[in-house]
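Inspection log for the structure reproduced underneath, given as structure tokens.
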Amino acid sequence: MKVSYCSLGCKVNEYESMAIINDFMNHGYELVEFGEQSDVYIINTCTVTAVSDVKSRKMIRRAVKSNPDAIVAVMGCFAQLHLDEVAKIRGVDVLIGTTERHRLFELVSAALLDKAPHFAIQDVKQEKVYEELKIDRFANKSRGFVKIEDGCNNFCSYCAIPYARGRVRSRKPENVIAEVQLLTDQGIREIVLAGINSGAYGEDLGNHDLADLLTELTQKVRNLGRIRVSSIEATDVTPKLLEAICANSAHVCDHFHIPLQGGCDETLKRMHRKYDLEYYSDKIAQIRAIFPGVNISTDIMTGFSGETAADFSKTFQFVDSLNFGETHIFPYSRRIGTPAFNYPDQIDEMTKHYRVNELLALNQKKALEYRQKFEGQILEVIVERNQMGLAFGHSANYLEIEFPSLTARKNDLVKVIIKKAGYPVSTAKEVVHV
């Protein structure tokens, strides 16, 4: 029997998909590429934007057409919030949302046996305990995702994810440590700690937070390599966390993704973000005091309801002033069920398009400037692939680097000297295998 999957959206979705695929492979299934002839297709959907919804629908229909006799299983955030729509798509055999994922193999097996649909959507608002999923291998990966948390308590006015994922539920630290150890024992050199709101880890545990988890990982995991925190809110960058990062800087990557979303105080208030620009910039300064060469990336949403030309100008200037290593830019996308859906003064698509392009051009400039600081410096790269003598990988501060090598293989740790900065890829020369 063959299984294939398509995972849309965030690193958490990718982790959940891999955990489910592990379960199928442990039951004797062969993993094939999505789109190939398969007996089971799994689509892990996303609903963070309207584009994500379109992609989710497209991939579900693609799976149904690929093999009408196969079992098509749909899960994830789009499925959770749009149950009725997905259930009506002819050919969907198994349907879960953002819970009951540990039962997917069981539900698929039942659907194969009785040729009947099996749906198991739960009310995520009632979920109070983290749903444990297990990964015992990350096939052909040099970077391993480890999920530490689910859910979000922030309820930003534009965001549907808290309604799809529910409240914060943290994974038991001993289970995180055990999985990191397992992946490290398999030779994976970099672990990415992923969550819907990673910085909120431990809010429901009482006396154990992200700072404690980072410290325990460095103390208890044998032969630990890099630890990368996937994303963290500025409000979760506490003095305790900064102290833990400083104390464990030999393992914690000097790259942090800290979403900004709105670049002026008026917009941040309408978004229901929990900080202003002064607070955000202070947090950035505190991190840079610990890691002078740190790569801080961010998310910016433009075209949010009520964003005037003056607001956008403030956003542009603020983003310019903070010298981000990379800025991910998104036009605002209205999400049904969120407070902002009914906000007045919606911005037209042409204006959004213009503002996105302005910020994209700024990102090209600032990202290149950041990378140029490292020309002539030696950085360590974990090799992710080697194509015809050209190796590619990332440094600890998340620079994508290519360098000629006939010997570097996936997962090798190589010291290189940066010869020419580029964005997105800088070129280097190999110095030595570590």
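Numbered according to the working numbering, the sequence shown terminates at residue 443, and the numbering increases by one at each position without gaps. Note that beta-carbon positions come from the ideal geometry of N, C-alpha and C, so glycine has one too. Just so it is clear, the structure is predicted and the values come from calculations on it, not from any experiment.
Is residue 235 helix, strand or coil by DSSP?
-> Reduced to three states, the DSSP call for residue 235 is strand.
Could you check the C-alpha separation between residue 105 and residue 93 for me, to the nearest Å?
-> Distance from the CA of residue 105 to the CA of residue 93, rounded to the nearest whole angstrom, comes to 12 Å.
By a C-beta neighbour count over all protein chains shown, 10 Å radius and 16 as the cutoff for buried, is residue 255 buried or exposed?
-> Residue burial is scored here from C-beta neighbours: residue 255 has fewer than 16 other C-beta atoms within 10 angstroms and is therefore classed as exposed.
To the nearest whole angstrom, what separates the beta carbons of residue 432 and residue 371, a pair I think is in contact under 8 Å?
-> By a beta-carbon distance limit of 8 Å, residue 432 does not contact residue 371. Their separation comes to about 12 Å.
When the Cα of residue 164 is compared with those of 150, 200, 205 and 146, which residue comes out closest?
-> Nearest option by C-alpha distance: 205.
State the Cα-Cα distance for the pair residue 116 and residue 122, rounded to the nearest angstrom.
-> The straight-line gap from Cα to Cα measures roughly 10 Å.
In angstroms, rounded to a whole number, what distance separates the CA positions of residue 442 and residue 264?
-> Cα to Cα, residue 442 sits roughly 23 Å from residue 264.
Mark residue 199 as exposed unless 16 or more other C-beta atoms lie within 10 angstroms of its C-beta, in which case mark it buried.
-> Buried.
Ordered along the chain, which non-local residues of its own chain (more than five positions away) have a Cβ less than 6 Å from that of residue 203?
-> Excluding residues within five positions, the ones whose Cβ falls inside 6 Å are 20, 21, 24, 154, 156 and 239.
Do you know how far the Cα of residue 224 is from the Cα of residue 249?
-> Rounded to whole angstroms, residue 249 and residue 224 show a C-alpha spacing of 11 Å.
Closest by C-alpha distance to residue 404, when choosing among 201, 242, 391 and 386 | Minimum Cα distance to residue 404 is reached at 391.
DSSP bridge partner residues for residue 362 (one or two, in chain order) | DSSP output for residue 362 lists no bridge partner at all.
Helix, strand or coil for residue 46 per DSSP?
-> Residue state, collapsed to three classes: coil.
In angstroms with no decimal places, state the Cα-to-Cα distance between residue 52 and residue 440.
-> In a straight line, the C-alpha of residue 52 is about 42 Å away from that of residue 440.
Return the chain-ordered list of same chain residues with a C-beta closer than 7 Å to the C-beta of residue 57, the five sequence neighbours on each side being excluded.
-> Excluding sequence neighbours, residue 57 sits near 18 and 170.
Leaving aside the five residues before and after residue 172 along the sequence, list all residues of the same chain whose C-beta is less than 7 Å from its C-beta, in chain order.
-> Closer than 7 Å at Cβ, skipping near neighbours: 90 and 346.
Going by other Cβ atoms of all chains shown within 10 Å of its Cβ, with 16 needed for buried, is residue 180 buried or exposed?
-> The residue is buried, with at least 16 neighbouring Cβ atoms inside 10 Å.
For the region 267-287 against the region 309-321, are there 3 or more C-beta pairs whose distance is under 8 Å?
-> Taking 8 Å as the limit for Cβ pairs, the verdict is that the region 309-321 does touch the region 267-287.
Coil, strand or helix - residue 397 by DSSP | Coil.
Might you give, ordered along the chain, the residues of its own chain that have their beta carbon closer than 7 Å to the beta carbon of residue 145, omitting 5 neighbours on each side?
-> Only 31 and 191 meet the Cβ criterion.
How long is the line joining the alpha carbons of residue 83 and residue 394, rounded to whole angstroms?
-> Rounded to the nearest whole angstrom, the CA to CA distance from residue 83 to residue 394 is 31 Å.
Touch check for the region 351-367 and the region 74-88: three-plus C-beta pairs under 8 Å?
-> Contact between the region 351-367 and the region 74-88 is not established, with fewer than three Cβ pairs separated by less than 8 Å.
Give me the Cβ distance between residue 290 and residue 331, rounded to the nearest whole Å; I'm assuming they're in contact under 8 Å.
-> Confirmed, about 7 Å.
Using DSSP bridges, identify the partner residues of residue 391.
-> Paired residue(s): 403 and 422.
Is DSSP giving residue 435 helix, strand or coil here?
-> DSSP places residue 435 in strand when its eight states are reduced to three.
Since residue 257 contacts residue 276 with CB under 8 Å, what's their CB separation in whole angstroms?
-> Taking C-beta atoms under 8 Å as the contact rule, residue 257 and residue 276 fail to qualify, at a distance of about 35 Å.
To which residues of the same chain is residue 245 closer than 6 Å at the C-beta, ignoring the five residues directly before and after it?
-> Closer than 6 Å at Cβ, skipping near neighbours: 208.
From what residue to what residue does the beta strand (DSSP E) around residue 336 run?
-> Annotation: the continuous beta strand (DSSP E) that includes residue 336 extends over 335-340.
Would you kindly work out how many angstroms separate the C-alpha atoms of residue 399 and residue 417, rounded to a whole number?
-> Their backbone Cα atoms lie some 9 Å apart in a straight line.
According to DSSP, which residues form a beta bridge with residue 311?
-> DSSP, once it has assigned bridges, lists 340 as partnering residue 311.
Name the DSSP beta bridge partners of residue 158, please?
-> As DSSP reads the structure, residue 158 sits in a beta bridge with 179 and 204.
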